[in-house]
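Numbering (the numbering used here), first residue to last: 1207 to 1477.
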């Protein structure tokens, strides 16, 4: 039952080119960067990635993207990554844009064995009608578009409206980052890192987790477990240096309100 691996390199050693990956994280929060870099070092390519976004320029999934290792992305967001936008518009990468809540539920559904579900989100738009650009040609024309999806009316909350059928997502591997894990693979996530990480972990047929801290089985209380070990196959314990690799996406500066009795010039110094 000990699912720990000595290194991220060992944990990703069997991931082949062409594999599909569900990857946790949101912007720079909760990104399994050590696993991503181990995968980058392996040289695999033609990857299909499912994640809320594809990292930022030069970090996270953006490192795999910049190296030309990603063939297709299912995501809800392109912004903050110029290289992602460039590759999409130039036809170098295929992109299936999915509403964020729908993407989360598609991953969760894949993890619990639900093949598809109906949702009102996107019904009557290009999401359901089809025609969204999936891939552009080098000359800027649209080379591939999305297909129409099934619509069905349901009586909900006293009125009838149309719902679109969305299919679950199941991937070859799930890559996640957790604050604490145990040797059985039970994981606890910190604050906003809990958004897509548990879902990505559920969707992967083989899930690899990097953790900042390892505890022994039994140390977790039942309510402390955010993703049960049944979903997790491999655990990599990060070094202190790896855990500290947490860049800030945007640095902003604003004046702090002056404390009671603090002179204006003193407040200015605390910015």
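All C-beta atoms in this analysis are idealised placements derived from N, C-alpha and C, irrespective of residue type, glycine included. Because the structure is a prediction, the values reported are computed rather than measured.
Original post:
Quick one: Cα of residue 1216 to Cα of residue 1391, how far?
Top reply: Against the chain shown, residue 1216 aligns to sequence position 10. Against the chain shown, residue 1391 aligns to sequence position 185. Rounded to whole angstroms, residue 1216 to residue 1391 spans 16 Å at the Cα level.
**OP:** Just grab the DSSP bridge partners of residue 1386 for me.
**Re:** Residue mapping note: residue 1386 aligns to position 180 of the chain shown, counting from 1. In DSSP, residue 1386 forms a bridge with 1394 and 1419.
Original post:
Roughly how many angstroms separate the alpha carbons of residue 1430 and residue 1337, rounded to a whole number?
Top reply: Indexing the chain shown from 1 puts residue 1430 at position 224. Indexing the chain shown from 1 puts residue 1337 at position 131. Taking the straight line from one Cα to the other gives about 44 Å.
Original post:
Are the segment 1394-1411 and the segment 1360-1373 in contact at 8 Å, needing three or more beta carbon pairs?
Top reply: Output reads no: the segment 1360-1373 does not touch the segment 1394-1411.
Original post:
Rounded to a whole number of angstroms, what is the C-alpha to C-alpha distance between residue 1214 and residue 1443?
Top reply: Here residue 1214 refers to the residue found at position 8 when the chain shown is read from its first residue. Here residue 1443 refers to the residue found at position 237 when the chain shown is read from its first residue. Computed Cα separation, rounded: 9 Å.
Subject >> Backbone secondary structure at residue 1324 - three-state DSSP >> reply: Position 118 of the chain shown, counted from the first residue, corresponds to residue 1324. Residue 1324 carries a strand assignment under DSSP once its states are collapsed to helix, strand and coil.
Original post:
Which stretch, first to last residue, makes up the alpha helix (DSSP H) that contains residue 1315?
Top reply: One-based indexing of the chain shown puts residue 1315 at position 109. 1306-1318 is the span of the alpha helix (DSSP H), which, as asked, contains residue 1315.
**OP:** Identify, in the order they occur along the chain, each residue of the same chain with its Cβ nearer than 8 Å to the Cβ of residue 1351, setting aside the five sequence neighbours on each side.
**Re:** Numbered from its first residue, the chain shown carries residue 1351 at position 145. The beta carbon of residue 1351 is closer than 8 Å to those of 1336, 1337, 1338, 1339 and 1340 in its chain, skipping five residues each way along the sequence.
Original post:
Whose C-alpha, out of 1417, 1452 and 1449, is nearest the C-alpha of residue 1209?
Top reply: Numbered from 1 along the chain shown, position 3 holds the residue referred to as residue 1209. With distances taken between Cα atoms, residue 1209 lies closest to 1417.
Original post:
Among 1304, 1308 and 1224, which has the Cα closest to the Cα of residue 1276?
Top reply: For this step, residue 1276 is matched to residue 70 along the chain shown. For the residues 1304, 1308 and 1224, the minimum Cα distance to residue 1276 belongs to 1224.
Original post:
Thinking C-beta only, is residue 1386 closer than 8 Å to residue 1413?
Top reply: Taking the chain shown and counting its residues from 1, one reaches residue 1413 at position 207. Taking the chain shown and counting its residues from 1, one reaches residue 1386 at position 180. Taking 8 Å as the cut-off, the beta carbon of residue 1413 is found no closer than this to the beta carbon of residue 1386.
**OP:** Specify, as a first and last residue, the run of the beta strand (DSSP E) that residue 1277 falls within.
**Re:** To locate residue 1277, count along the chain shown from 1; it is residue 71. Element bounds for residue 1277: 1276-1281.
Subject >> Contact belief for residue 1245 with residue 1270 at Cβ below 8 Å, rounded distance in angstroms >> reply: By 1-based counting over the chain shown, the position of residue 1245 is 39. By 1-based counting over the chain shown, the position of residue 1270 is 64. A Cβ-Cβ separation of about 7 Å places residue 1245 in contact with residue 1270 under the 8 Å criterion.
Original post:
Alpha carbon to alpha carbon, how far is residue 1469 from residue 1456?
Top reply: For this step, residue 1469 is matched to residue 263 along the chain shown. For this step, residue 1456 is matched to residue 250 along the chain shown. Because residue 1469 carries a pLDDT of 49, less than 50, the predicted location of this residue cannot be relied on, and no value is offered for it.
Original post:
Leaving out the 5 sequence neighbours to the left and right, which residues in its chain are closer than 6 Å to residue 1332 when beta-carbon positions are compared?
Top reply: As a position in the chain shown, residue 1332 is number 126, starting the count at 1. Within the same chain, residue 1332 has close Cβ partners 1338.
Original post:
Using DSSP with H/G/I as helix, E/B as strand and the rest coil, what is residue 1349?
Top reply: Within the chain shown, residue 1349 is the residue found at index 143, counting from 1. It is a strand residue.
Original post:
Nearest chain D C-beta to residue 1247 closer than 8 Å, yes or no?
Top reply: Note that chain D does not occur in the displayed structure, where there is just one protein chain.
Original post:
What's the gap between the Cα of residue 1461 and the Cα of residue 1454?
Top reply: Taking the first residue of the chain shown as position 1, residue 1461 is located at position 255. Taking the first residue of the chain shown as position 1, residue 1454 is located at position 248. It is roughly 19 Å from the alpha-carbon of residue 1461 to the alpha-carbon of residue 1454.
Original post:
Where does residue 1451 land, buried or exposed, given buried means 16+ other C-beta within 10 angstroms?
Top reply: As a first step, residue 1451 must be located in the chain shown, where it is residue number 245. With fewer than 16 Cβ atoms within 10 Å of its Cβ, residue 1451 is classed as exposed.
Original post:
Can you list, in chain order, the residues of its chain whose CB lies under 7 Å from that of residue 1239, leaving out five sequence neighbours each side?
Top reply: The count along the chain shown starts at 1 and reaches residue 1239 at position 33. The beta carbon of residue 1239 is closer than 7 Å to those of 1266 and 1451 in its chain, skipping five residues each way along the sequence.
**OP:** Measure the alpha-carbon distance for residue 1281 versus residue 1343 and round it to whole angstroms.
**Re:** As a first step, residue 1281 is located in the chain shown; it is residue number 75 there, counting from the start. As a first step, residue 1343 is located in the chain shown; it is residue number 137 there, counting from the start. Roughly 20 Å separates the two Cα atoms.
Original post:
Do residue 1256 and residue 1229 have their C-beta atoms closer together than 8 Å?
Top reply: Against the chain shown, residue 1256 aligns to sequence position 50. Against the chain shown, residue 1229 aligns to sequence position 23. The Cβ atoms of residue 1256 and residue 1229 lie closer than 8 Å to each other.
**OP:** Run through the segment 1232-1290 for me and flag every whole alpha helix (DSSP H) of 4 or more residues, listed as ranges in chain order.
**Re:** Whole alpha helix (DSSP H) segments, 4+ residues: 1239-1248 and 1267-1272.
Original post:
Residues bridged to residue 1162 by DSSP?
Top reply: Residue 1162 is absent from the structure shown; the chain starts at 1207 and stops at 1477.
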